[in-house]
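Accompanying notes for the structure given below.
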Amino acid sequence: MRSATDAGHGPGALDPEVTVEDWPLTAADLDPYHDRVERLLEVAGGAASGGRELPGALAPTAWTTRMAGAARRRGWTPFAAPAALRGDALAPPAAGSVSDELLAAAVSSGAVEVRSEATALEVLVDGDRVRGVRYRRAGRTLEQRARAVVLAASVFENVRLLLLSRSPAFPAGLANGSGQVGRHFMAHSVLLVHGLFAGEDLGRASGTPAQATAIADFDGDAFDHRGLGFVGGSLLQAAMTGPTAPGGGPLATAPPPGIRPGTPAARRWAADHGRSVGSVWAQPEQLPRAGHRLDLDPAHADPLGRPVLRVTHGLAVDDRRRAAFLAARMGEWLREAGAARVWTAPLVPQPLGTHLYGGARMGDDPATSVVDADGIAHGRDDLAIVGSSTFPTTGGRGPTQTIEALAWRTAERLAARLGGDGAARPQRASWTTSPPTTVTSARPSRQASGGSRSGSTSSATRSPT
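When the letters of the sequence shown are read in order and numbered with the working numbering, they come out as residues 49 to 513.
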């Protein structure tokens, strides 16, 4: 992204505090893995999503059809947002989690053993070589030896485990020789714009959030950024609602200005008008900044006595400009569809956790990144990291399918470095590796399960590289 931004907007387009770097991979490197994931999870959607044509898209609804027509009248290009269409009959929460989808198959393959209710404490080393993991389970502290360790514990816990894994050989933490662990942290915010279609029952609660009309006209470099004061953007989606949808169902809709959320007046308003509210949502891109980081808190500990993770993060001026620009386009979309009144839900405060990125960035330069293009720590063949902690950028789309594609690729590359053939396997659990490689997770976050072209009930598209 750094080189593309400099080429398209000039070297001064980015704030000096922005620490963004290019991905060490191209779309061509990842596309084969995206295709495997899509076939494995039976993803369906339109070619305009940025990938290949995926047959069997979910049926449009009156709401998504209405928003598609409004988008075309604005001169935009709508498409059915890709979503997983598993062949099995699934009930929530299984339909929203890849682990629920594939864990049983992985275990039955004989290559994976699951130790539940276990908390990873640190990665162990002998000299400068990884030897396994120390973990806590049922009141006991145990060790699991391994030739290699894969950290797959989400952004926060991947970073914390690396920083907690200190030894004489690694006094600042494992894979942290250049001080990059915890840096370049980013997060998606959820941007919601609502429109009141007075007197209409839009029927949005009758479908699944995966039924959505999306536009990519304001994602990435798809539009002219000159004079806007920011780069990047987001996919915009008009979806059906449900308990897992952004903003919740009709009764959870953020009321218009002048009505305080959570009050009896807000509940009355939602009861009277919630079915007449249509919404568009986005997850604006955020760039990494020098001041945004994760580190160990010197003053607070978890119940096991380990330092908790301290998060330093905020919304910069360009983040707010990007959100304001996108909100204006979202409002135009709703008005074109017939909304009589439009308002934007507050951008802050909102919890971190929708999609988190960075902290163990991948790159070609060990001085500015933690892992290489294979997702393996620089200069090592015994420590890999998977998940969005390795992402150099967020993009304006959900990360899950890219996480899955990278995990598959990293598993193959690590197996090859350990002396295996690294070949793809046809069974569902094919991205796991056989012992003696150990895949370790400290109660992994489900942060990515709500926005993906994967086994999620939500929808999104391939993250840009």
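Beta carbons: idealized from backbone N, C-alpha and C, even for Gly.
When only Cα atoms are considered, residue 348 and residue 434 end up about 27 angstroms apart. Counting only residues of its own chain and dropping the five nearest sequence neighbours on each side, residue 280 has a CB closer than 6 angstroms to the CB of 333. With respect to the 7 angstroms criterion, residue 286 and residue 257 are not classified as neighbours on the basis of their beta carbons.
For residue 379, the three-state secondary structure derived from DSSP is helix.
Residue 326 sits away from residue 374, with the two beta carbons spaced by 7 angstroms or more. Inclusion of residue 400 and residue 201 in the CB contact set at 7 angstroms is not warranted, their separation being larger than that value.
In the structure shown, residue 110 falls within a helical segment according to DSSP collapsed to helix, strand and coil. When the Cα atoms are used, residue 114 and residue 289 turn out to be separated by approximately 15 angstroms.
The continuous beta strand (DSSP E) containing residue 169 extends over residues 166-174. DSSP, read as helix, strand or coil, puts residue 237 in coil. If only uninterrupted beta strand (DSSP E) runs of at least 3 residues are considered, those enclosed by the segment 398-440 are 403-405 and 431-433. Secondary structure note for residue 211: it is in no beta strand (DSSP E), and the uninterrupted alpha helix (DSSP H) holding it is 202-212. Bridge partners of residue 390 according to DSSP: 243.
Beta-bridge annotation (DSSP): residue 191 is paired with 182. Excluding its 5 nearest sequence neighbours in each direction, residue 437 has C-beta neighbours in its own chain below 6 angstroms: 203, 206, 407 and 408, listed in chain order.
Residue pairing by DSSP places residue 125 opposite no residue, since no beta bridge is assigned to it. It is roughly 52 angstroms from the alpha-carbon of residue 457 to the alpha-carbon of residue 312. A straight line joining the alpha-carbon of residue 368 with that of residue 446 spans about 20 angstroms. Look at residue 456 here: in three-state DSSP terms it is helix. Within the DSSP bridge table, the entry for residue 229 names no partner. Per DSSP, the unbroken beta strand (DSSP E) holding residue 286 starts and ends at 284-287.
In chain order, 179, 213, 215, 217, 218 and 222 place their CB closer than 8 angstroms to the CB of residue 173, counting only its own chain and leaving out the 5 sequence neighbours on each side. As DSSP reads the structure, residue 451 sits in no beta bridge.
Here DSSP, grouped into helix, strand and coil, assigns residue 324 to helix. If you draw a straight line from the Cα of residue 175 to the Cα of residue 233, it comes to about 30 angstroms. For residue 412, the number of other beta carbons within 10 angstroms of its own is below 16, and it is reported as exposed. In the same chain as residue 416, and ignoring 5 residues on each side of it, the C-beta atoms closer than 7 angstroms to its own belong to 69 and 228, in chain order.
Put simply, of 432, 453, 444 and 439 the residue whose alpha carbon is nearest the alpha carbon of residue 464 is 432.
In this structure, the beta-carbon distance from residue 384 to residue 118 falls below 7 angstroms. Its Cα nearest to that of residue 128, the residue 112 stands out among 112, 177 and 208. C-alpha of residue 242 to C-alpha of residue 271: approximately 23 angstroms in a straight line.
In this structure, the alpha-carbon of residue 414 lies about 30 angstroms from that of residue 267. The beta carbon of residue 343 lies closer than 8 angstroms to those of 211, 230, 357, 358 and 360 in the same chain, with the five residues before and after it left out.
Residue burial annotation: residue 107 is exposed, with fewer than 16 other C-beta atoms found within 10 angstroms of its C-beta. In terms of CA proximity to residue 194, 182 leads the group 157, 182 and 188.
In the DSSP assignment, residue 261 forms a beta bridge with 128 and 286.
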